[in-house]
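Written out below as structure tokens is the structure these notes cover.
Protein chains: 2
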Amino acid sequence: MNKPVKAEIISIGTELLRGEIADTNAVYLASQLHLIGIEVQRLTTSGDDIKMLAQVFRQALKRSSVVITTGGLGPTQDDLTREAVAIVLDEKLFMDEELETQLKVTFARMGREMPPSNLQQAMRISSAVSLTNLRGTAPGLWIDKNDKVIIIMPGPPREMLPMWQNEVLPRLKTRFPGGIILARTIKTFAIQEAKVGELIHEFFEVDNPVTGIYTKPDGIQVRLIANGNNALQLLDAAEKKLKENLAPYVWGTDNDTLPGIIGQVLSNRGMSLATMEDFSGGLLGHIITDSDISSQFYRGGIVANSNLTELGLGIPVVLIERNRGTSGEAAEVMALCIKEKLSTDFGLSITGVFQNRELANQSDIVFIGIADASGTKSWQQQFMMNRADSKERAAVAALFRLRQRLIERNLLNYVK
Amino acid sequence: MNKPVKAEIISIGTELLRGEIADTNAVYLASQLHLIGIEVQRLTTSGDDIKMLAQVFRQALKRSSVVITTGGLGPTQDDLTREAVAIVLDEKLFMDEELETQLKVTFARMGREMPPSNLQQAMRISSAVSLTNLRGTAPGLWIDKNDKVIIIMPGPPREMLPMWQNEVLPRLKTRFPGGIILARTIKTFAIQEAKVGELIHEFFEVDNPVTGIYTKPDGIQVRLIANGNNALQLLDAAEKKLKENLAPYVWGTDNDTLPGIIGQVLSNRGMSLATMEDFSGGLLGHIITDSDISSQFYRGGIVANSNLTELGLGIPVVLIERNRGTSGEAAEVMALCIKEKLSTDFGLSITGVFQNRELANQSDIVFIGIADASGTKSWQQQFMMNRADSKERAAVAALFRLRQRLIERNLLNYVK
Numbered sequence: 000m001n002k003p004v005k006a007e008i009i010s011i012g013t014e015l016l017r018g019e020i021a022d023t024n025a026v027y028l029a030s031q032l033h034l035i036g037i038e039v040q041r042l043t044t045s046g047d048d049i050k051m052l053a054q055v056f057r058q059a060l061k062r063s064s065v066v067i068t069t070g071g072l073g074p075t076q077d078d079l080t081r082e083a084v085a086i087v088l089d090e091k092l093f094m095d096e097e098l099e100t101q102l103k104v105t106f107a108r109m110g111r112e113m114p115p116s117n118l119q120q121a122m123r124i125s126s127a128v129s130l131t132n133l134r135g136t137a138p139g140l141w142i143d144k145n146d147k148v149i150i151i152m153p154g155p156p157r158e159m160l161p162m163w164q165n166e167v168l169p170r171l172k173t174r175f176p177g178g179i180i181l182a183r184t185i186k187t188f189a190i191q192e193a194k195v196g197e198l199i200h201e202f203f204e205v206d207n208p209v210t211g212i213y214t215k216p217d218g219i220q221v222r223l224i225a226n227g228n229n230a231l232q233l234l235d236a237a238e239k240k241l242k243e244n245l246a247p248y249v250w251g252t253d254n255d256t257l258p259g260i261i262g263q264v265l266s267n268r269g270m271s272l273a274t275m276e277d278f279s280g281g282l283l284g285h286i287i288t289d290s291d292i293s294s295q296f297y298r299g300g301i302v303a304n305s306n307l308t309e310l311g312l313g314i315p316v317v318l319i320e321r322n323r324g325t326s327g328e329a330a331e332v333m334a335l336c337i338k339e340k341l342s343t344d345f346g347l348s349i350t351g352v353f354q355n356r357e358l359a360n361q362s363d364i365v366f367i368g369i370a371d372a373s374g375t376k377s378w379q380q381q382f383m384m385n386r387a388d389s390k391e392r393a394a395v396a397a398l399f400r401l402r403q404r405l406i407e408r409n410l411l412n413y414v415k
Numbered sequence: 000m001n002k003p004v005k006a007e008i009i010s011i012g013t014e015l016l017r018g019e020i021a022d023t024n025a026v027y028l029a030s031q032l033h034l035i036g037i038e039v040q041r042l043t044t045s046g047d048d049i050k051m052l053a054q055v056f057r058q059a060l061k062r063s064s065v066v067i068t069t070g071g072l073g074p075t076q077d078d079l080t081r082e083a084v085a086i087v088l089d090e091k092l093f094m095d096e097e098l099e100t101q102l103k104v105t106f107a108r109m110g111r112e113m114p115p116s117n118l119q120q121a122m123r124i125s126s127a128v129s130l131t132n133l134r135g136t137a138p139g140l141w142i143d144k145n146d147k148v149i150i151i152m153p154g155p156p157r158e159m160l161p162m163w164q165n166e167v168l169p170r171l172k173t174r175f176p177g178g179i180i181l182a183r184t185i186k187t188f189a190i191q192e193a194k195v196g197e198l199i200h201e202f203f204e205v206d207n208p209v210t211g212i213y214t215k216p217d218g219i220q221v222r223l224i225a226n227g228n229n230a231l232q233l234l235d236a237a238e239k240k241l242k243e244n245l246a247p248y249v250w251g252t253d254n255d256t257l258p259g260i261i262g263q264v265l266s267n268r269g270m271s272l273a274t275m276e277d278f279s280g281g282l283l284g285h286i287i288t289d290s291d292i293s294s295q296f297y298r299g300g301i302v303a304n305s306n307l308t309e310l311g312l313g314i315p316v317v318l319i320e321r322n323r324g325t326s327g328e329a330a331e332v333m334a335l336c337i338k339e340k341l342s343t344d345f346g347l348s349i350t351g352v353f354q355n356r357e358l359a360n361q362s363d364i365v366f367i368g369i370a371d372a373s374g375t376k377s378w379q380q381q382f383m384m385n386r387a388d389s390k391e392r393a394a395v396a397a398l399f400r401l402r403q404r405l406i407e408r409n410l411l412n413y414v415k
């Protein structure tokens, strides 16, 4: 492999230095650059100060072949990114008539008159190519001069993201073809990070693919990054081995989500799901309905924060009420009840009791219940975390168990 | 006021440059420094490279009086922060026997033997004072030398945070007494950012307090920051004026949350709440149950993703089904139904229809319904955002309307 191209990312805005907003652009761009084999060697955040900005630019251009900035392209006097670049490259800003026309069209389409201050967004230097902004008024700039590439993008992530994907990434790939770099993520649940590390320790002795372990709300993820002409084969072989080592904890890869996997199976087969939850307070339903295919299989459910008798569901509430939060049996009855009430193929339940951490350093105990044509089943889980995280883990655990059930019933292959 | 003290924050770790984890430390520290009147003029992220680190330190110390670092204090060969500081200050690292003993005690308490590599965490330079780490093995360092303050902290936020609060912040306040700086946040809903700006434009002509406007999921926030001996009086006066200008949109200040405000009123009065939601899919229940007082007033609810007839609730489902998602009347019937079924004082409902943005560029229309002893009421809302954000805004809107209802019924004062 050649020596990697070096890059820096500069985030611009005094509000970032005051901690008023989190800079999500830099971490996103850093991960994107990593995946195309460009090595980020520094991230810098600077305020809206022309001298400071020029200094930051100069130092970055000394060290790196690619310098990417976000922010400072707005219509106010504080927006100085264009000026700073012009100073550092010793060029003059001029009004680009084409950009000016585009700006006026954009404002007309919004039914608004263009404030004169917005005109500065049509300024560019002659070595710059302008980059289309689909979601805002500030165009970006691409400058390729003296063997350095400077990329100027707006700060709001909703404007920066499509510009990166549509305008910048294709140009960067052409400008720095480099080798093939591919990534793959294997997602697991119901296993600790240390245990994952133990089961896949052999992967850490290999350079290609490189292996990383990350903790996420929906479980431990293993990420593989391979390079070279046989990157795809390397990844495929590593994935196969990883899945063998980590069975039965693996539930998906890359962009898979548990609600997505479950939703796909159920909607493809015309099957349906209902939920009853207390511990998680509606979060299970919320996660399921984040997917827009949920209306095809999710019928709804009950959030049972107090006792259930009032709902008049005609279920053995005595049994549930006596044991709710403390037994798998209650979870199973809850799942069965909602399955029957909503005439669904699957009923999924969560019941549990929060511990007062200030009084006792005890785990929250949660029971997951599933009811379907082949009967009922339950699992016990323990969580030692804050209330919000416990709720989230409980909801993910319920979905993980439902996926297991789909596998047991041959509705889903073991590893998707 | 004196010229503000200038600071820089350096985040250390190659994983940050690869975008593998987001740097939450820098934004937190920046906001904390801002509140004690220390001006952050740059944030830098550097990899685990001793030459690069030393360069970053040197440049930061040239520009700033306070340099704060997080990360690079672990037990591996990649953890080079201590060495980099020693090089830049031209001092020698030595084994601090007291720290060594503490380390061994910490490991013994965890029932684990100390790996030899952890010994490097007991190294310090003679000009440094060590800072206690309550949640991990790496102590921090406080160095006050040549009129510069260098603060070295561990990277994991759960270790950094208590160290900052217990060890660093008190020392910084003593070292740089400065003036009093106070902040206050006024929270609004159901008003656009531009309209807030218009109604409070006079505040932007004043230097003390400084005013900022921020968009959050639960509405537009106005933040005031005042300094000087009369900072408290300035804030109080500004808050009063702001609330006059922004009535009836203001719903809280500082750490207030809508579920918290509503929960306090209801639980204090022994009143209760139930919900029925389709559009938001359980999110309303989830937000309410994030508070641990929710068990005192929230009885639960129904997530109605499909039709309601199966629940056998004995309600005029024909009316609801015909108009669900398209009328305030349906929202009112839903609220009334769940109020009666769960015998609560308040019923709160959300119903709406998601638009397919790819087919038509239309708003999601949502109806909020409330039922209580004085009847039923409904409101229409429109959202033009992605599915997850629409759900969130709908849930917040429902809570905001419930708060309004509590005010109308004199259960809550106009501005809390």
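Residue numbers (numbering that gives the first Met the number 0), protein chains in the order written: chain A, 0 to 415; chain B, 0 to 415. By construction, the Cβ of each residue, glycine as well, lies at the ideal position given by its N, Cα and C atoms.
Asked: Residues of its chain near E192/A, where Cβ-Cβ distance is below 7 Å and the 5 sequence neighbours each way are ignored; Found: I212, T214 and I219
Asked: Cβ separation of A85/A and I49/A, assumed to be a contact under 8 Å, to the nearest whole Å; Found: The pair is not a contact, with the Cβ atoms about 10 Å apart (cut-off 8 Å).
Asked: Selected residue, minimal CA-CA separation from F296/B, among N267/B, V302/B and S305/B; Found: N267/B
Asked: Pick from I406/A, E391/A, A273/A and S290/A that is closest to N355/B, judged by C-alpha positions; Found: S290/A
Asked: Neighbour flag for H33/A against chain B, beta carbons, 8 Å; Found: yes
Asked: Chain B contact residues for I192/A, given Cβ-Cβ distances below 9 Å; Found: Looking at the sequence shown, residue 192/A is not Ile but Glu. Those within 9 Å of E192/A in chain B number zero; the least Cβ separation is about 13 Å.
Asked: Rounded straight-line distance, which links the Cα of L160/B to that of V128/B; Found: 18 Å
Asked: Selected residue, minimal CA-CA separation from S305/B, among T325/B, E331/B and F278/B; Found: F278/B
Asked: Backbone secondary structure at S373/B - three-state DSSP; Found: coil
Asked: Nearest-angstrom Cβ-Cβ length linking T43/A and R41/B, presumed shorter than 8 Å; Found: 7 Å
Asked: Given 8 Å, three or more beta-carbon pairs between the region 175-183 of chain A and the region 220-240 of chain A; Found: yes
Asked: Counted within 10 angstroms of its Cβ, other Cβ atoms place N412/B as buried (16 or more) or exposed; Found: exposed
Asked: Segments assigned alpha helix (DSSP H), at least 4 residues, entirely inside the region 215-267 of chain B; Found: 230-245 and 257-267
Asked: Whole-Å CB distance - I287/B paired with G280/A, under 8 Å assumed; Found: 7 Å
Asked: Residue span of the beta strand (DSSP E) that contains Q40/B, given as start and end; Found: E38 to S45
Asked: Min CB distance G18/A to chain B below 8 Å; Found: yes
Asked: Cβ pair count under 8 Å reaching 3, the region 364-376 of chain B against the region 339-354 of chain B; Found: yes
Asked: Member of P3/B, Q381/B and I35/B whose CA lies at the smallest distance from the CA of A230/B; Found: I35/B
Asked: Helix, strand or coil at D48/B according to DSSP, with G and I counted as helix; Found: coil
Asked: Closest by C-alpha distance to I260/B, when choosing among M152/B, A53/B and V395/B; Found: V395/B
Asked: I301/A: CB within 7 Å of a non-hydrogen atom of the ligand COA; Found: Because no ligand of any kind appears in the structure shown, any question about the ligand COA cannot be addressed here.
Asked: Interface residues of chain A facing G281/B [CB-CB closer than 9 Å]; Found: T274, E276, S279, G280, G281, L282, L283, G284, H285, I286, I287, T288, G299, G300 and V302
Asked: Where E7/B sits in the DSSP three-state scheme; Found: strand
Asked: Buried versus exposed, by CB contacts within 10 Å (16 or more), A6/B; Found: buried
Asked: Identified DSSP bridge partners for A182/A; Found: I224/A
Asked: C-beta neighbour in chain B for G327/A, strict 8 Å; Found: no
Asked: Beta-carbon gap between R386/A and T350/A smaller than 8 Å; Found: no
Asked: Euclidean distance between Cα positions of G154/B and D78/A; Found: 32 Å
Asked: Alpha-carbon spacing of T105/B relative to R134/B, whole angstroms; Found: 10 Å
Asked: Contact set between Q40/B and chain A, taken where Cβ atoms lie within less than 9 Å; Found: L16, S45, G46, D48 and M51
Asked: Cβ shell of M270/A (< 6 Å), same chain only, five flanking positions each side left out; Found: D344
Asked: First and last residue of the uninterrupted alpha helix (DSSP H) at S389/B; Found: R386 to E407
Asked: According to DSSP, residues forming a beta bridge with L130/B; Found: G139/B
Asked: Where R123/A sits in the DSSP three-state scheme; Found: strand
Asked: Unbroken alpha helix (DSSP H) run spanning R298/B, endpoints; Found: Careful: R298/B lies outside any alpha helix (DSSP H), inside the beta strand (DSSP E) at Y297 to A303.
Asked: Distance between K338/B and G374/A (C-alpha atoms, nearest Å); Found: 33 Å
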